[in-house]
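Read the structure below first, then the notes.
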Amino acid sequence: MKEYFYFRNHLCISFELLSINLYEFLKNNNFQGLSLGLIRRFAVQILQSLRFQRKLKIIHCDLKPENILLRQPHKSAIKVIDYGSSCFEDERIYTYIQSRFYRSPEVILGLPYDMGIDMWSFGCILAELYTGYPLFPGENEVEQLLCIMEVLDIPPRRLVESASRRKVFFDSAGNPRIVPNSRGKKRRPGAKDMVSVLRCNDMSFISFLEKCLKWDPKDRMTPDEAFQHEWIADHYHPPSSQGVHHPSQPSTKPPSRDAGRVGKRRPGRGAFVGPSFGNQVVGHAAGAPDPSFGVGSLTARVGPEAHLPPIEGQTTSRPLRLKEHHQGSGGNRFFQG
538 MKEYFYFRNH LCISFELLSI NLYEFLKNNN FQGLSLGLIR RFAVQILQSL RFQRKLKIIH
598 CDLKPENILL RQPHKSAIKV IDYGSSCFED ERIYTYIQSR FYRSPEVILG LPYDMGIDMW
658 SFGCILAELY TGYPLFPGEN EVEQLLCIME VLDIPPRRLV ESASRRKVFF DSAGNPRIVP
718 NSRGKKRRPG AKDMVSVLRC NDMSFISFLE KCLKWDPKDR MTPDEAFQHE WIADHYHPPS
778 SQGVHHPSQP STKPPSRDAG RVGKRRPGRG AFVGPSFGNQ VVGHAAGAPD PSFGVGSLTA
838 RVGPEAHLPP IEGQTTSRPL RLKEHHQGSG GNRFFQG
């Protein structure tokens, strides 16, 4: 937040000017999907935000491509925005949260939730960046859970039995209620797997997504564990220079005006800052090795962000599918329900 003021009894808040969001980025590229090198760069920055949130015990509650913005056009630095639905982990207020395509199973089923719901959304986002279309594109909550079961099979019985909304999705015998969608399609549990859905042969990336998309939130990776996964760890190297302040080191620079502000107020509409990447250029093809990352603290002042390669160098030749899920603007494509 830059500043705020009142005009004719209306509260006005000004934020820094950012560029397009990741949904618009995909849309501008005809939903072709992005290279794994670029996806990894985005993933590292989102994980930095999630790790920072975890330290503050904050749940974002609405992580999606529309809420991740490029800081500048044609550059790889991003920011996570819109904390208007966020809450502290010990002060959960709402049960109807998260945009449908990125809604975690525990929220759908009416189970208690924690910071693990953001890791679920994170995994869904990475899959969408790779293919260009949502991983679980349910028309409503019933089909949303069926979309998840179609890939991950039936959830553990203990989760179903504990769910306050189990009768909406399961019959008295505990079997899922399989109903056709508006196109007459019925989704069967376990009919697909992650490899076939993504059409991806990078098993490290598949493994990373599968660890984000566990039925039980206790089994999902935390942000810290995600940094240890080979898909990140084999490419991510913290900077040794560039004058970036790390939280574990005393700062030689005065803190920024906004440093520490998030911890002093209830989370609201605002942005946690994803790190910038120095002057390194991202990989030019899906699966190609990309240069080392340079990641600083969330409040650090860093050098110029990296220029992205031309768009055609960051998209793939994967076929475009499920175009109906992208009709309309980003704000209404979820049919919030």
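In this text, residue positions in the sequence shown follow my numbering: the first is 538, and each later residue adds one.
Built from N, CA and C at the ideal position, the CB exists for glycine as well.
Query, Result
"Cβ shell of G653 (< 6 Å), same chain only, five flanking positions each side left out", "P754 and R757"
"Exposed unless 16 or more other CB atoms sit within 10 angstroms - verdict on L559", "buried"
"Nearest candidate by alpha-carbon position, reference S701, set R694, G669, L648 and I769", "L648"
"Meets three-Cβ-pair contact criterion under 8 Å: the stretch 590 to 601 and the stretch 621 to 633", "yes"
"Own chain, CB closer than 6 Å to L683, minus 5 neighbours either side, in chain order", "R724"
"Length of the line joining the Cα atoms of L646 and R703", "6 Å"
"Meets three-Cβ-pair contact criterion under 8 Å: the stretch 657 to 674 and the stretch 547 to 567", "yes"
"Per-residue DSSP class, three states only, for Y560", "helix"
"N- and C-terminal bounds of the beta strand (DSSP E) containing E698", "That residue, E698, is in no beta strand (DSSP E); its alpha helix (DSSP H) goes R694 to S699."
"Test: W657 CB closer than 8 Å to a CB of chain C", "Chain labels in this structure do not include chain C; a single protein chain is all it has."
"Segment contact flag, the stretch 686 to 699 with the stretch 707 to 726, C-beta cutoff 8 Å, min 3 pairs", "yes"
"Proximity winner among S613, P674, H611 and R608, relative to S636 (alpha-carbon distances)", "P674"
"Unbroken alpha helix (DSSP H) run spanning E540, endpoints", "Segment E540 to F544 is the beta strand (DSSP E) holding E540; no alpha helix (DSSP H) there."
"Residues of its chain near G711, where Cβ-Cβ distance is below 7 Å and the 5 sequence neighbours each way are ignored", "R694 and V697"
"Beta-carbon contacts of S658 that lie in its chain and below 6 Å, excluding the five residues immediately before and after", "L600 and Y639"
"Alpha helix (DSSP H) segment containing K751, residue limits", "Per DSSP, K751 belongs to no alpha helix (DSSP H) and is neither H nor E."
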